[in-house]
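In case it helps, mature numbering (1 follows the signal peptide of the UniProt record, and there is no 0) puts the sequence shown at residues -19 to -1, 1 to 80.
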Amino acid sequence: MLAVVTACVVMLLVSGAMAQFLLCVSTPERKGEKTVAACSVAGDKFAYVDKNGLVRILTPEELQLTMAFNPDIGKMKAFGMKYPGPVEKIRPMMPRVEP
């Protein structure tokens, strides 16, 4: 697991990525053929990468809560560490409207 995180961090620092996004850790070859939600249901694990290139492996519960608060994340295409180029940036949450 440490090797996966290290490889991901090195790759992101080299690429100069400045956005926040998710990468599929379970299936590094993932190329966007499934959504994050579909991969989550199948049991795939995801890593959250922040704008500084720091990586955090999400537990299934953390990913489910994240998608509950920001449903657009579940609709994003899932990409693995082998093909991070086209990864979608995480969009900010819409403000909640209180009645």
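Quick reminder that beta carbons are idealized off the backbone N, C-alpha and C, glycines included.
On a predicted model such as this, the values are computed, not experimentally measured, just so you know.
Go ahead and label A(-3) buried or exposed: buried means 16 or more other beta carbons lie within 10 angstroms of its beta carbon, across all protein chains shown. Low per-residue confidence applies at A(-3): pLDDT is 47, beneath 50, and the placement is therefore not dependable, though the value from the model is reported in the following sentence. Counting Cβ neighbours within 10 Å, A(-3) comes out buried, since at least 16 surround it.
In chain order, what residues of the same chain lie with their CB nearer than 6 angstroms to the CB of I38, ignoring the 5 residues before and after it? A28
G13, enclosing beta strand (DSSP E) - first and last residue: K12 to T16
How would you call L4, buried or exposed, if buried means at least 16 neighbouring beta carbons within 10 angstroms? buried
Cβ-based neighbour list, C20, same chain, cut-off 8 angstroms, excluding 5 preceding and 5 following: C5, S7, T8, R11, F27 and A59
Once DSSP output is grouped into helix, strand and coil, what is the label at V36? strand
If you draw a straight line from the alpha carbon of G55 to that of E79, how long is it in whole angstroms? 23 angstroms
Quick one: measure Cβ to Cβ for F2 and V30, integer angstroms, because I've assumed they're closer than 8 angstroms. 6 angstroms
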